[in-house]
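Notes for the one structure printed next.
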Amino acid sequence: MSSLPEPSADALDQSARLVALLHAEIAAAGGWLSFARYMEITLYAPGLGYYSGGARKFGPGGDFITAPELTPLFGQALASQVEQVMRASAPAVIEVGAGTGLLATDLLLELERRGCLPDSYGILELSGELRERQFDTLASQAPHLAGRVRWLESLPESFSGAVVANEVLDVMPVHLVVARAEGLFERGVAVVQREDGPALQWADVPAAGAVREAALALQLPTPSSGEYVTEINLAGGAWVAAWAERLRQGAMLLIDYGYPRAEYYLPSRSGGTLLCYYRHHAHGDPFLWPGLNDITAFVDFTAVAEAAFGAGLDVTGYTTQAQFLFNCGVLECLARRGPEERPEYIRAARAVQRLTAPQEMGELFKVLAVSRGLSEPLLGFARGDRLHAL
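Take 1299 as the starting number for the sequence shown in this note's numbering and just add one per residue.
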């Protein structure tokens, strides 16, 4: 961890206050807290959590870069799929977790160019700080369209249209499961007393309830010695099922990094996929400066698809981000940048390469579409659909 830049005094003070909140929560829970609850508090505690605090998160000055931060071409290509869904259902979009507002801006501007602006564009965002940033982005880059955007406090009662969720599932709280020769355990968080004061530490208890049932269904690899650690995202399945209750007609486009189940729970992936991000550094210690690090886990797309299907939705398409963007015309969007020798074109082409190259985001990121009431195939999955892999 010596390579990580030191946080400011204000940031460390915020983290210390969150740690005090965690200690109190652990004490109230009887000395042990599931990692899912720990992750929820660390990321979303009002005013203190990573996504609810004021630290810059996205872009070169933050902790990580998402596809919309790289280039507007991501949103311009995605607009092709959003347009098709809206024309087949209703002229409405809801974006979940809109980051800095760049994707909303790019989508709206491209949909305007195509002559198919939505009647409404909802943003479901938990972070007040990010809401302000999204408003500022839209007001500065697409002021004539900003009036179409409204911010939502919760899922709508009923919705028809396109739902877009880019890098949302990976930051939903996950349970940690440990398979050892002596049985299944859930890994959580406790407090230990040390010479320099109380500190957070890992603590395992026998797996029980829904976590145990889900782990048993996975038939996790169990080593004869040592342990196999992995994640189970119960929240993701519940979230998709909640959307299924509300989606009358349209599609959800879920974009994230992850694997189908057969690849997620390989015996060789014995340490799981949990990662933390701080100032563009990836590390594996979720107890380091709680509230200042993003905490993520890869997505089990099979589990998400099963939850959607079980709740009555159609599982419409599944492919890599690269194939999805090619199907949606990202190269045609790039060609609109003009002559290939221009610096603007060269920069844009490099960004497209990062989005689509196998060694970059192209293969690691996947796109899953689940829908209701759509009769025609979705163009984003016209070639290279991998539904069979789920």
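By construction, the Cβ of each residue, glycine as well, lies at the ideal position given by its N, Cα and C atoms.
Separation of residue j from residue i, as counted between CA atoms
i	j	result
Gln-1657	Glu-1529	24 Å
Tyr-1273	Pro-1675	Only positions 1299 to 1688 of the chain appear in the structure, and residue 1273 is not among them; the question remains open.
Gly-1420	Arg-1315	33 Å
Gln-1312	Pro-1584	16 Å
Leu-1545	Cys-1631	30 Å
Glu-1427	Gly-1524	43 Å
Ala-1512	Asp-1502	17 Å
Ser-1332	Glu-1642	48 Å
Arg-1431	Pro-1521	47 Å
His-1250	Arg-1640	Absent from the structure is residue 1250, since the part of the chain shown begins at 1299 and ends at 1688.
Pro-1637	His-1581	41 Å
Arg-1492	Arg-1485	21 Å
Val-1490	Ala-1326	15 Å
Leu-1653	Gly-1507	40 Å
Tyr-1563	Leu-1518	7 Å
Gly-1357	Leu-1400	Because the pLDDT of Gly-1357 is 47, which lies under 50, any placement of that residue in the model is unreliable, and the question is left without a value.
Ser-1425	Asn-1625	33 Å
Val-1394	Ala-1515	30 Å
His-1321	Gly-1347	15 Å
Cys-1414	Ala-1533	34 Å
Ala-1505	Ala-1603	24 Å
Thr-1435	Arg-1411	19 Å
Glu-1543	Arg-1635	42 Å
Ala-1655	Ala-1601	26 Å
Val-1527	Arg-1478	9 Å
Asp-1598	Gly-1608	16 Å
Gly-1360	Leu-1407	Interpretation of Gly-1360 is limited by its pLDDT of 48, a score under 50 that renders its predicted location unreliable; the figure taken from the coordinates is listed afterwards. Straight-line Cα distance between these residues: approximately 25 Å.
Phe-1483	Glu-1323	21 Å
Gln-1439	Met-1659	26 Å
Member of the options whose CA lies at the smallest distance from the CA of residue i
i	options	result
Thr-1571	Gln-1547, Ile-1553, Ala-1540 and Asn-1531	Asn-1531
Gly-1345	Ala-1309, Ser-1378 and Gly-1329	Ala-1309
Leu-1688	Gly-1556, Val-1628, Leu-1672 and Glu-1638	Gly-1556
Trp-1689	Arg-1640, Leu-1409 and Val-1461	There is simply no residue 1689 to check, as the chain begins at 1299 and stops at 1688 in what is shown.
Trp-1500	Arg-1681, Ala-1326, Ala-1334 and Leu-1424	Ala-1334
Gly-1495	Ser-1306, Ala-1318, Ala-1680 and Leu-1685	Ala-1318
Ala-1536	Met-1470, Arg-1635 and Gly-1660	Met-1470
Lys-1664	Ser-1425, Arg-1635 and Val-1466	Val-1466
Ala-1649	Leu-1400, Gly-1589, Leu-1666 and Val-1628	Val-1628
Gln-1651	Arg-1567, Ser-1673, Asn-1591 and Gln-1619	Gln-1619
Glu-1367	Gly-1347, His-1579 and Thr-1398	Thr-1398
Gly-1678	Thr-1617, Ala-1390 and Leu-1672	Thr-1617
Phe-1622	Glu-1455, Arg-1645, Gly-1373 and Ile-1644	Gly-1373
Ala-1497	Ala-1444, Trp-1587 and Ala-1388	Trp-1587
Glu-1451	Val-1487, Ser-1438, Ile-1392 and Ala-1609	Ile-1392
Ala-1396	Met-1384, Arg-1429, Leu-1406 and Glu-1323	Arg-1429
Gly-1295	Glu-1543, Val-1380 and Phe-1596	With the chain covering only 1299 through 1688, there is no way to say anything about residue 1295.
Ala-1377	Ser-1673, Gln-1439, Ala-1479 and Leu-1551	Leu-1551
Tyr-1349	Phe-1599, Ala-1647 and Thr-1594	Thr-1594
Gly-1671	Ala-1365, Glu-1304, Glu-1338 and Arg-1385	Arg-1385
Ala-1307	His-1686, Ala-1633, Ala-1601 and Leu-1590	Leu-1590
Leu-1611	Ala-1388, Ala-1667, Glu-1304 and Ser-1566	Ala-1667
Gly-1329	Leu-1662, Ala-1609 and Ala-1488	Ala-1488
Pro-1441	Arg-1681, Asp-1468 and Asp-1404	Asp-1404
Val-1613	Arg-1559, Glu-1561, Pro-1558 and Ala-1549	Ala-1549
Where residue i falls: helix, strand or coil (DSSP)
i	result
Ser-1378	helix
Thr-1403	helix
Trp-1330	coil
Tyr-1419	strand
Gly-1360	Confidence in Gly-1360 is poor, its pLDDT being 48 and thus under 50, which makes the residue's placement unreliable; the coordinate value appears in the next sentence. In this structure, Gly-1360 counts as coil in the three-state DSSP scheme.
Tyr-1349	coil
Leu-1666	strand
Gly-1459	strand
Glu-1393	strand
His-1442	coil
Gln-1499	strand
Ala-1488	strand
Gly-1556	strand
Val-1447	strand
Arg-1652	helix
Gly-1507	helix
Arg-1478	strand
8 Å contact criterion, which residue i and residue j should meet: CB distance rounded
i	j	result
Asp-1554	Gly-1615	With 8 Å as the limit, Asp-1554 and Gly-1615 do not qualify as a contact, their Cβ atoms being about 15 Å apart.
Ala-1605	Val-1538	5 Å
Val-1409	Pro-1416	As written in the sequence, residue 1409 is Leu, which differs from the Val given in the question. Contact holds; Cβ gap of about 7 Å.
Leu-1302	Tyr-1576	6 Å
Ser-1458	Gln-1547	4 Å
Ala-1402	Val-1447	7 Å
Thr-1364	Ala-1646	Going by Cβ atoms, the distance from Thr-1364 to Ala-1646 rounds to 17 Å, so no, they are not a contact pair.
Hey, which unbroken runs of the beta strand (DSSP E) at 3 residues or more fall wholly within the stretch 1558–1630? As far as the stretch 1558–1630 is concerned, its whole beta strand (DSSP E) runs of at least 3 residues are 1573–1576, 1579–1581, 1592–1594 and 1612–1618.
Continuous alpha helix (DSSP H) assignments of at least 4 residues falling wholly in the stretch 1512–1552: Listed in chain order, the alpha helix (DSSP H) elements of length 4 or more contained wholly in the stretch 1512–1552 are 1532–1544.
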